[in-house]
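Working notes, beginning with the structure itself.
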Amino acid sequence: MPFDNPVALAALASVIPLIILYLLRPKPLQVQIPSLMFLMDIKEEKKRFYTSISKLVKDPLFFIQLFVLILLALAAASPYFESQEALSGDHTVLIIDGSASMQTDNRFSDAISKAEDYVSKTNTVILAESTPVTIIEEANAQATYDALESMQAQATVAYMSSAISAAMRILSDQGGNIVVVSDFASWNGDDPVNSMKLAESYGLNVQFLLVGREADNIGIIQGTIEVEDGKYNYNGVIKNYQNSRQTIDVEIENLDSGKTSSTSLAIPARSTKQLRLTNLGTGITEVRILDDDSLAADNTAYISIPKISDRQLLFVTDVDDLPSKIALSLIPTITVKELEGVPGDLSDYSIIVIANKERALASNEISLLSTYLNAGGKVVFIASEALSSENAKTELVELLPVMPESVEDTDGGVTLEVVQDTRLSENIKYDEVAMYKYLNVTERIESTTLVATEDDVPMLVYGPVGDGTSVYLGINDIAGEDAWNNFHNLPEYPVFWSKLAGWLGGTGSVQDYNLKTGTVSALAKEQEIQTPSTTDTVSRVLYDEVGVYQVAGKEIAVNLYTDKESDTTLEGDDVIERSQADDEPGIVRESSYTAKNYLDTYMIIIVFALVILELLVIRKRGEL
Numbered sequence: 001m002p003f004d005n006p007v008a009l010a011a012l013a014s015v016i017p018l019i020i021l022y023l024l025r026p027k028p029l030q031v032q033i034p035s036l037m038f039l040m041d042i043k044e045e046k047k048r049f050y051t052s053i054s055k056l057v058k059d060p061l062f063f064i065q066l067f068v069l070i071l072l073a074l075a076a077a078s079p080y081f082e083s084q085e086a087l088s089g090d091h092t093v094l095i096i097d098g099s100a101s102m103q104t105d106n107r108f109s110d111a112i113s114k115a116e117d118y119v120s121k122t123n124t125v126i127l128a129e130s131t132p133v134t135i136i137e138e139a140n141a142q143a144t145y146d147a148l149e150s151m152q153a154q155a156t157v158a159y160m161s162s163a164i165s166a167a168m169r170i171l172s173d174q175g176g177n178i179v180v181v182s183d184f185a186s187w188n189g190d191d192p193v194n195s196m197k198l199a200e201s202y203g204l205n206v207q208f209l210l211v212g213r214e215a216d217n218i219g220i221i222q223g224t225i226e227v228e229d230g231k232y233n234y235n236g237v238i239k240n241y242q243n244s245r246q247t248i249d250v251e252i253e254n255l256d257s258g259k260t261s262s263t264s265l266a267i268p269a270r271s272t273k274q275l276r277l278t279n280l281g282t283g284i285t286e287v288r289i290l291d292d293d294s295l296a297a298d299n300t301a302y303i304s305i306p307k308i309s310d311r312q313l314l315f316v317t318d319v320d321d322l323p324s325k326i327a328l329s330l331i332p333t334i335t336v337k338e339l340e341g342v343p344g345d346l347s348d349y350s351i352i353v354i355a356n357k358e359r360a361l362a363s364n365e366i367s368l369l370s371t372y373l374n375a376g377g378k379v380v381f382i383a384s385e386a387l388s389s390e391n392a393k394t395e396l397v398e399l400l401p402v403m404p405e406s407v408e409d410t411d412g413g414v415t416l417e418v419v420q421d422t423r424l425s426e427n428i429k430y431d432e433v434a435m436y437k438y439l440n441v442t443e444r445i446e447s448t449t450l451v452a453t454e455d456d457v458p459m460l461v462y463g464p465v466g467d468g469t470s471v472y473l474g475i476n477d478i479a480g481e482d483a484w485n486n487f488h489n490l491p492e493y494p495v496f497w498s499k500l501a502g503w504l505g506g507t508g509s510v511q512d513y514n515l516k517t518g519t520v521s522a523l524a525k526e527q528e529i530q531t532p533s534t535t536d537t538v539s540r541v542l543y544d545e546v547g548v549y550q551v552a553g554k555e556i557a558v559n560l561y562t563d564k565e566s567d568t569t570l571e572g573d574d575v576i577e578r579s580q581a582d583d584e585p586g587i588v589r590e591s592s593y594t595a596k597n598y599l600d601t602y603m604i605i606i607v608f609a610l611v612i613l614e615l616l617v618i619r620k621r622g623e624l
């Protein structure tokens, strides 16, 4: 019989003390006896020994206690036997398309109604957004009905293949059904039919259900912000999906100042028209199409222009003209102040960058940084010899999100890879960064690594210090012959620093304030955010609604800007036809799976029965 935990069988040794306990004899009493009686007692002593063995064998309590110890040891070892079981159809995974196009007319409510017809004994519900969101898992029918009624379509593009893969993982052991309800108008990732065939090849029953019909729509499908002569201009694109020319009214309002304006656009059938706004004011500007249509998510666009901050970024370094300092100076919305040491008053700085290469920070400087961080400040530490374990003071190491060790040299250079996808990894080609020299570090338990080397050495890490955030950048920024890497030579280098400044709560680039739905952002720490519809406490934000998010003191405008999701004339009939086509030859369906049947529960039940029996025996003897 196989065991999951065979080491626990060592507990069987506990039967040895039990046997010894039953064989122990009482301490003999010394008395004066005649010699003849002593000789007679020798024979009696041998007889008594065999009587003791006989009592041991006949005593029911001994056997009860012996079996209890053996069963407990076997139960701890988790014995099991394997059997081939038929794939079950009791578990159903319902995948509901939560994309923006499902908000058209009654598509989403129709999808919920159809999904309710397929609720089974055990159910899991997945909302297919830009990333699959599990609403409820392995729930009964009533809980599933309640979960379905509470769901809403979001403003993203659905990643259907990823949702089907998630369902396959859930049903991988015992099998079941996958029901996908969608308009199948558009999707990200692999073709859902290919994912369906893959799931079916593993013996899962997959069914596609189509909802929706062609509808009229006019939507804002694109929007970009550019800076010219210090002024912000907006270029939007509005598309008419109808088969006739349409004249639409557009209203523009700055929600901070209340200033409004309006315009009319004549757009030919199945064509686009550009909307250009110049010299936008700071704060949130709302662009609204006043005409009603079948999809509301693309009728409004939000533009966020950050207010110019009067706070500065402090750059502490013992080297002149570092590439990082130059990149930060290119950001028009922040002012960089360079100093050789940490000043006594840090209240004017929104971000502090420590870029010393040789000089280790003094104790009083470290104390100032500690107070700043604990009060909610943000500090970026750039890797250098000054941060190595032999040079950095213990007090400074405690402020880092990593534990530094020694500086390492590489022969041919190592490359970087993204550990977590965030806005700090978008449009940054980390795989083109060659590290010739780096500081070997290990991540602290409470820290999060975003970028690391191919050997898993953390390169971009953040972690909490009091109410503040400490960031470690392992990509040294020194240039010239002594350069540790080539990052500063890549065109993405200034983009990285702009993104980092924006992510940490500085003004950053205006692009950091204007995102597309489906974007995922990691926060420096878990905090409360305001979405367009609710308030939530998260450490990772999925921007899946059109509107304004309040995150880390910033107003972030989020828009759909997706042509295919706005095209409500698309229908998914071809997907249904391909899903119902005959299976490809060569696909072998599995009809059973290998199940582990554990016996430990039955053993524990027998142990309880034996304990009760022992109590009854003791009571019958009058010893209880």
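Residues in the sequence shown are numbered from 1 upward in steps of one, following full-length UniProt numbering.
Think of the CB as a built atom: it goes at the ideal place given N, C-alpha and C, for glycine as much as any other residue.
Does the distance from the CB of residue i to the CB of residue j come in under 7 angstroms?
| i | j | result |
| --- | --- | --- |
| L71 | I606 | yes |
| V157 | T422 | no |
| Y436 | W484 | yes |
| L570 | T517 | no |
| I238 | L275 | yes |
| L369 | F381 | no |
| A386 | A355 | no |
| V181 | A111 | yes |
| R288 | E338 | no |
| G189 | S172 | no |
| I248 | D298 | no |
| V407 | P458 | no |
Report the three-state DSSP secondary structure of residue i (helix, strand or coil).
| i | result |
| --- | --- |
| F38 | Because the pLDDT of F38 is 49, which lies under 50, any placement of that residue in the model is unreliable, and the question is left without a value. |
| F608 | helix |
| K620 | helix |
| L542 | strand |
| N485 | strand |
| D563 | helix |
| I331 | coil |
| A266 | strand |
| E614 | helix |
| K499 | helix |
| T104 | coil |
| A13 | helix |
| Q527 | strand |
| K437 | strand |
| S367 | helix |
| N205 | strand |
| K337 | strand |
| S88 | Residue placement at S88 cannot be trusted, given a pLDDT of 49 that sits under 50; the coordinates are not used to answer. |
Where do the N-terminal and C-terminal ends of the alpha helix (DSSP H) with residue i fall, by residue?
| i | result |
| --- | --- |
| R107 | R107 to E116 |
| N5 | Careful: N5 lies outside any alpha helix (DSSP H) and carries neither H nor E. |
| R288 | That residue, R288, is in no alpha helix (DSSP H); its beta strand (DSSP E) goes G283 to I289. |
| A167 | M160 to I170 |
| N194 | P192 to S201 |
| P60 | P60 to A76 |
Buried or exposed: which applies to residue i, given that a residue is buried once 16 or more other Cβ atoms fall within 10 Å of its Cβ?
| i | result |
| --- | --- |
| A266 | exposed |
| A269 | exposed |
| I604 | exposed |
| I587 | Low local confidence applies: a pLDDT of 40 at I587 is under 50, so the model's placement there is unreliable, with the coordinate-based value given in what follows. Flag for I587 reads exposed. |
| S566 | buried |
| P306 | buried |
| A327 | buried |
| N364 | exposed |
| Y598 | exposed |
| A362 | exposed |
| residue 672 | Here the chain covers residues 1 to 624 and nothing more, so residue 672 does not appear. |
| V7 | exposed |
| R169 | exposed |
Please report the residue range of the beta strand (DSSP E) in which residue i lies.
| i | result |
| --- | --- |
| D249 | Q246 to N254 |
| L275 | T272 to L277 |
| I178 | N177 to S182 |
Going by Cα to Cα distance, which pick from the options is closest to residue i?
| i | options | result |
| --- | --- | --- |
| V541 | D512, F67, P343 and S521 | S521 |
| S350 | I334, L204 and N364 | I334 |
| I95 | I19, M196 and E614 | M196 |
| K121 | T92, S113 and T131 | T92 |
| V465 | Q246, V336, E398 and V611 | E398 |
| Q550 | D544, K564 and T531 | T531 |
| D216 | P404, D292 and E138 | D292 |
| T534 | G547, E526 and L523 | G547 |
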